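Have a look at the structure below before the remarks.
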Amino acid sequence: MLCPNCKEKFNSDVVDGQNILHCSNCGGTFFQENGINRISVQSAQNLASDLKTNDISNAEKLCPRDQTLLVPFRSEESVPADVTLLYCATCKGIFTQANDLLIFKKAQAAKIDYFKLWNIPLPSIKSIAVLSVMLFVSVLSLTVYTYFQRQNIYFIQASDQIKNIYITSANRYLFISFKTVLPLRSHIVFTDVTTNQTVEKILSSKPATLHLLTTGDINIDDEIYYQIVLTDVNGAETKTEIKRLELK
Numbered sequence: 001m002l003c004p005n006c007k008e009k010f011n012s013d014v015v016d017g018q019n020i021l022h023c024s025n026c027g028g029t030f031f032q033e034n035g036i037n038r039i040s041v042q043s044a045q046n047l048a049s050d051l052k053t054n055d056i057s058n059a060e061k062l063c064p065r066d067q068t069l070l071v072p073f074r075s076e077e078s079v080p081a082d083v084t085l086l087y088c089a090t091c092k093g094i095f096t097q098a099n100d101l102l103i104f105k106k107a108q109a110a111k112i113d114y115f116k117l118w119n120i121p122l123p124s125i126k127s128i129a130v131l132s133v134m135l136f137v138s139v140l141s142l143t144v145y146t147y148f149q150r151q152n153i154y155f156i157q158a159s160d161q162i163k164n165i166y167i168t169s170a171n172r173y174l175f176i177s178f179k180t181v182l183p184l185r186s187h188i189v190f191t192d193v194t195t196n197q198t199v200e201k202i203l204s205s206k207p208a209t210l211h212l213l214t215t216g217d218i219n220i221d222d223e224i225y226y227q228i229v230l231t232d233v234n235g236a237e238t239k240t241e242i243k244r245l246e247l248k
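Structural data, given as structure tokens:
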């Protein structure tokens with residue numbers, strides 16, 4: 001069978017118990033249904049490093065098994081925005097280039113580790129419903145903010161409302177996670193002092209107690225400040241103080 005990208009002959013191999021087809025010319029790998037979920041990050045690293053060229057063809061790519069047109073698999077929750085996984089609707093296989101495979105597997109491993117750490121049930125993994133986000137490592141504390149609850153107006157310290165704030169990065173991706181005592185909507189405002197730009201990102205568009213954000217739109221090498229904004233069911237907003245983004 002031939003590689004969908006460079007048309008060189010595939011090598012058949014078994015990696016972590018999964019039958020794969022790998023191209024040692026361009027580094028592309030074809031996985032059987034769900035196989036991409038079952039290999040380790042180290043195995044992905046080994047596959048990604050086995051290549052001679054980084055050239056990627058813009059031509060349509062066909063499944064090496066049944067010649068079905070491969071289409072990008074899209075999922076905001078499971079695949080980073082600039083990672084391409086090509087999906088075969090007939091055999092449910094996945095074809096991916098070397099760099100995409102490595103970034104995807106690192107993100108997937110980080111998400112799994114996070115859910116294990118916090119004892120949160122993992123979403124069911126279907127044929128390629130795969131996980132991707134970053135491992136939460138750095139703990140930050142927030143200062144006092146005002147929270148309005150229905151008809152009663154009272155003050156709650158941010159430390160009493162927001163729990164377990166984690167901020168980390170992998171490659172160019174930034175991940176932020178925190179919990180709230182009550183279900184709230186949330187968004188975060190980033191200010192890039194280096195470029196004098198402001199970017200607003202939604203964490204939870206509906207009331208929730210677990211708030212997650214993965215974004216590649218923030219240049220983490222710049223001087224960045226952020227502010228978290230919480231909104232209750234009545235539309236009342238409360239904000240944290242503006243803090244500098246620090247990655248550890």
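If you read the sequence shown in the UniProt record's numbering, its first letter stands for residue 1, the second for the next number, and so on.
Each residue gets a CB set at the ideal place from its N, CA and C atoms; glycine is no exception.
On a predicted model such as this, the values are computed, not experimentally measured, just so you know.
Query, Result
"From residue 36 to residue 22, what does the alpha carbon distance come to, in whole angstroms?", "12 Å"
"Take residue 172 as the anchor and find which of 214, 55, 202, 59 has the nearest alpha-carbon.", "214"
"When DSSP labels each residue in this structure, what does residue 104 get in the three-state scheme?", "helix"
"Exposed or buried, residue 100, counting other C-beta atoms within 10 Å across all chains shown (16 or more means buried)?", "buried"
"To the nearest whole angstrom, what separates the beta carbons of residue 211 and residue 180, a pair I think is in contact under 8 Å?", "7 Å"
"If I follow the unbroken beta strand (DSSP E) through residue 170, where does it start and stop?", "162 to 170"
"Going by DSSP, what residues sit across from residue 72 in a beta bridge?", "86"
"Just list the beta strand (DSSP E) runs in the segment 19 to 46, keeping only unbroken ones of 3 residues or longer that don't cross its boundaries, in chain order.", "29 to 31"
"Could you pull the start and end residues of the beta strand (DSSP E) that residue 212 belongs to?", "197 to 215"
"Residue 238 bridges to which residues according to DSSP?", "230"
"Where do the N-terminal and C-terminal ends of the beta strand (DSSP E) with residue 180 fall, by residue?", "173 to 192"
"Counting only the same chain and skipping the five closest in sequence on each side, list residues whose C-beta sits under 7 Å from that of residue 20.", "13, 29, 30, 31, 35"
"Taking only three categories from DSSP, how would you classify residue 12?", "strand"
"Here's the rule I'm using: 16 or more other beta-carbon atoms within 10 Å means buried, otherwise exposed. How should residue 196 be labelled?", "exposed"
"Out of curiosity, what's the CA-to-CA distance linking residue 91 and residue 223?", "47 Å"
"Using the rule of at least 16 other Cβ atoms within 10 Å of the residue's Cβ for burial, across every protein chain shown, is residue 169 buried or exposed?", "buried"
"Residues in the same chain with beta-carbon distance under 6 Å from residue 65, minus the five sequence neighbours each way, listed in chain order, please.", "91"
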